[in-house]
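Chains as they are written, first to last, in our numbering: chain A, -9 to 489; chain B, 43 to 480; chain C, 1253 to 1627.
Have a look at this one:
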């Protein structure tokens, strides 16, 4: 939470509509995303009740579990969902190319595009994770056989759910989070978790203020919850009688069919408003111009997708239930590097994000008031071009002398704070520049900031951080419990109850 | 038993556990100023005397250099290796010892029985095996660091202060909560969860904290182990060489602190931004006044008294911008040596007089960051003589209004001391040492 | 009945006080700074009914599916003299329980009045506690008593207190799942503080009969379904921190006079029902009365208190409605209109607002710079 964002919320209250907190879009929005809205039965551990899924607004496919506590019906639901979702994912495995990537620029194979799953909120991402967990250990053969697509669905859903932990990853997006990254509403973050209320602020219907639209959106009768939790009153007054009707024995086939149709219609009515809202949200996000570094992060997502496709193709095991010590430490290391990089990239792509750091003293912006573009440093063995510029800033300046800073306008050029003068509200900062000016001792035109240019600098960097080194799994030290047992698929995995 | 005897007995026991070889590791809890560095040096000496190759791991370059220096002084004949990163410049503290060799690779330190370096550097070393490792500040080292270094040694002595700031991460994931090898936990926490039979001992005496502080600090921040002060009441005194002119609240606070070891300089209750100008000014004024009054510290170290010069005074805050604002207000006194920093950066340091801007001052609501017991513990355990806490009124009320809605996780032991309870205990104590600013 | 109780009765009006349970007592810790909630809870006001009456009904219904599952799971755990529970205690928690007897304290020979059931619970627990045998006993449906705000509250939990080597452990059965060793942190937190209420009450009881509170362990047993099945699993949870908080909050509630003293003497939330029981008092008048007791609204109230929509409407235009963290970042300035006035320089800051104003102006300048004239 930054003062700049907090102020945007206050402005939203006053103006009656959500205010932008970014100037570009920081997420990749796929050309053909797969939208999933899901409902679960209250009181159970992730028991699917119904879902609507599809890759276009007019192709929403409805899946319903007539008796949500019935194991066979659950696996039938999983199989039906698997054919849709896995089919969608595998459609992206047709096109691949060779690219140079990674710290050492080695050549590797990468699919030209990747799937993107869009869900309404983080709770539905949790549903995806748990559904992946309850299906990825199943087998298509043996006593408890399931449809072969089910364990494949489980592994893909688990893969996607784990990617949500990676800062900047866009393979599985929650609409409320994606929207809240770009707009500030006049309500609280807690209320922003309600997709209909959030959209009410961002995109209010004609004649209503954001506040009025959000208030209307809180009525579960006109705006059913986005899920996976259902509204308790709906459960008690509508759902329970319909489910009872479907599971009553000795009914004529016609009566049974009517009961099923009634249940399906009721659940479709619960899902459809959120379904439509999702596609509107995607349109709103797509309308924003993409930040310069979004494509690069999508490349990383494509690498991850390619890597996991290869893992599955080679018959790799399902993801373990919990991380081993080495896997955990290694993953934390990776997440920390990615988080730092993601924060820096957004600041570089977007002056409004950089503004947050300008208020905390990790960045500053202003006007160039003096420049020595031809200054040469002759102290070392070789003469080096080291221009000096002076920037006048009104931002609170708190960077120590000697600190390295970078300008988003010239990311390939490094700068060092030489001195600061003036008072708090108007500081003159002298910077020494290096690099990004060509190889000669005269700077290439435009590579040195000129007098009068508006410019900003930050201590954030997106430089390549090498991966830490970790022992092999078999060498897990005694301090952390020693080497973990090798994974052997057991009967427990297959027979695990899903009731 | 005198404090000295208590302390010596504890150290002897630890060393005999090390020598006994019955355990792969020994953990030593060391409250503030309890002689942790002396223990590390003694243990290193004993192991070196027994020709046991060992490595010593500390968390910062300053900590490593300090230990290198102390060990070099204690054993002049010992060849000590200082393993360093590529941008490390040897401090005079280290380079003055001819027996110390500095290098970036272990292979260039062959012949050194003892090799010392930071955890970050040791984590990049992937070869070599030593019988012994001594890990300093093991409670402040994160367990993923330990995972990377532990393959280098067979047995370990882990020393640290459990009451101070825990290691942290900015990554917010829950996937490892409950695992005994959760990489976000401290090294000691993971070590003990996976090896619960390892002996844990504590150093029972704080040589830094005065008698006036030991009791309240032990009760608030070390509820299960406790400790005593190494000096008796009256052995540590602060006196003034000048009298107060007029009787302002600042003078009253300094005098109360000098007399009792504590003072709470309380400003009227108000919600403010972090860099509350009145609080910033108060912290600076108290430091200025203490120097103006010519404070003299008498202690067992200097029975004749020594002047409290600027370098012996520190002002501690929770946030960097607060420290910066106070430095700006102090002006030239900073150059003269007064230390102003956050709790994170004050860890391990010691002063005669400290001034603390209370983390909860001026706030409407407490957050986990501000309630964290380690933060307040660091801030209130830097002093040898007296501590003045600067705060706006209303902190006990804020604590009482605090909603307790933190999530609880299975298989994650409850964290003690509880920051909320520790804050209440400290405020209850300070209530008896209150000076109102106006 | 003392003066405080009389006062609380007047405030509540002519209805029976809503009975407390462990959940509502635990909720005392969720927003202790709110005087409105403290007064209403102490007086036993039906907050849901009151909120509906003034036009702000809360939505805290429970799905019958969840209720059904909860009951079914509890029955399963307790079936056959708590066979499943005993298996868990033995296998999973490695508690050596040699002989176990099962006592259903619900069965008091037809007389189900609360004081009688409570007396029976006291007697049986006293006998068990003073028994020299190393026997384990499970007590089902014990009835505990706790003084809250000077009034006795009977707690009838689904807990089972069992005795192991002279020490009583509270057992709490919940139907949210533990998956791969992890459960929803908020749900576990709620279970833990409710268990602390039972531990506290049980300690009170044992102290009363002269046994002492250390006979009740501060480790509770939480029983939940494991993974996606209905088989139960158990976990041990330490409730010492929650006990500290609870004791302090209950003590504050005892000093409710301080809150009542600042309220007008005639304050009441009575709905003035007529002979047929139909309320006649104008909702606006009731709303005014509620407004006389200060609230401490934060968006977190939306998940935990039936008055939330009323208080949210009241907080309209104040920065706390945007979140505690936002209120903090806006320099602790209370009103949105003042924030905006300070930010664009239209409002003259008071002495106390000077620093906040400077920060807000800088933030506004940066937003304008980046968004152009649109900002």
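Even for Gly, the Cβ is constructed at its ideal location relative to N, Cα and C.
In the same chain as residue 349/A, and ignoring 5 residues on each side of it, the C-beta atoms closer than 8 Å to its own belong to -8, -7, -6, 385, 386, in chain order.
With respect to the 8 Å criterion, residue 291/B and residue 477/B are classified as neighbours on the basis of their beta carbons. For the region 308 to 323 of chain B, the set of residues with a beta-carbon nearer than 7 Å to any beta-carbon of chain A is empty.
Proximity of the region 420 to 439 of chain A to the region 269 to 288 of chain A falls short of the contact definition, fewer than three beta-carbon pairs being nearer than 8 Å.
In this structure, residue 25/A lies away from residue 40/A, with their beta-carbon atoms at least 8 Å apart.
Between residue 127/A and chain B, the shortest Cβ-Cβ separation is not below 8 Å. For residue 212/B, the C-beta contacts it makes with chain A under 8 Å involve 326, 329, in order along the chain. The contact set of residue 33/A on chain C, defined by CB atoms closer than 8 Å, consists of 1315, 1317, 1318, 1319, 1320, 1321, 1322, 1427 in chain order. Where residue 154/B is concerned, there is no enclosing alpha helix (DSSP H), because DSSP gives it neither an H nor an E. A distance below 6 Å between beta-carbons, with the five flanking residues on each side excluded, links residue 314/B to the following residues of its chain, in chain order: 404. Minimum Cα-Cα distance from residue 108/B among the listed residues 462/B, 80/B, 461/B corresponds to 80/B. In the three-state reduction of the DSSP assignment, residue 44/A falls in the strand class, which pools E and B.
At the C-beta level, residue 239/B and residue 82/B stay beyond 8 Å of one another.
When C-beta atoms of the region 169 to 189 of chain B are compared with those of the region 81 to 98 of chain B, three or more pairs fall below 8 Å, so the two segments count as touching.
Chain B places no beta carbon closer than 8 Å to that of residue 111/A, leaving this residue out of the contacts. Contact check for residue 448/A against residue 378/A fails: the beta carbons are separated by 8 Å or more.
Secondary structure note for residue 63/A: its alpha helix (DSSP H) is the uninterrupted segment 61 to 80. Taking the C-beta atoms as reference points, residue 254/B is found nearer than 8 Å to residue 304/B. Here residue 45/A is near residue 22/A, since their CB atoms are less than 8 Å apart. With 16 or more neighbouring CB atoms inside 10 Å of its own CB, residue 1407/C falls in the buried class.
With respect to residue 1467/C, residue 1381/C sits close: the two C-beta atoms are nearer than 8 Å. Taken through DSSP and simplified to helix, strand or coil, residue 104/A comes out as coil.
8 Å or more divides the Cβ of residue 458/A from the Cβ of residue 194/B. For the region 129 to 208 of chain A, the full-length alpha helix (DSSP H) segments reaching 4 residues or more read 139 to 153, 165 to 170, 179 to 182, 185 to 192, 200 to 207 along the chain. Chain-order list of chain C residues neighbouring residue 344/B: empty, with the shortest C-beta distance near 42 Å, by a criterion of under 9 Å.
Cα atoms of residue 156/B and residue 422/B: separation of roughly 35 Å, rounded to the nearest angstrom. With the criterion set as a beta carbon lying under 7 Å from some beta carbon of chain A, the region 433 to 459 of chain B has no members that meet it.
Residue pairing by DSSP places residue 396/A opposite 404/A, 448/A in a beta bridge. In this structure, the alpha-carbon of residue 101/A lies about 22 Å from that of residue 139/A. If you draw a 10 Å sphere on the C-beta of residue 88/A, you find fewer than 16 other C-beta atoms in it, and that means exposed. Given a length threshold of 4 residues, each whole run of the alpha helix (DSSP H) inside the region 341 to 403 of chain B is given here in chain order: 362 to 372, 374 to 377, 385 to 388.
Classified as exposed, residue 1546/C has fewer than 16 neighbouring CB atoms from the shown chains inside 10 Å of its CB.
A check of alpha carbon separations from residue 15/A across 133/A, 103/A, 269/A, 173/A identifies 173/A as the nearest.
Within the region 1265 to 1294 of chain C, the complete alpha helix (DSSP H) segments of 4 residues or longer fall at 1274 to 1278, listed in chain order. Shortest Cα-Cα distance from residue 408/A to any of 424/A, 247/A, 53/A involves 424/A. Listed in chain order, the beta strand (DSSP E) elements of length 3 or more contained wholly in the region 254 to 283 of chain B are 279 to 282.
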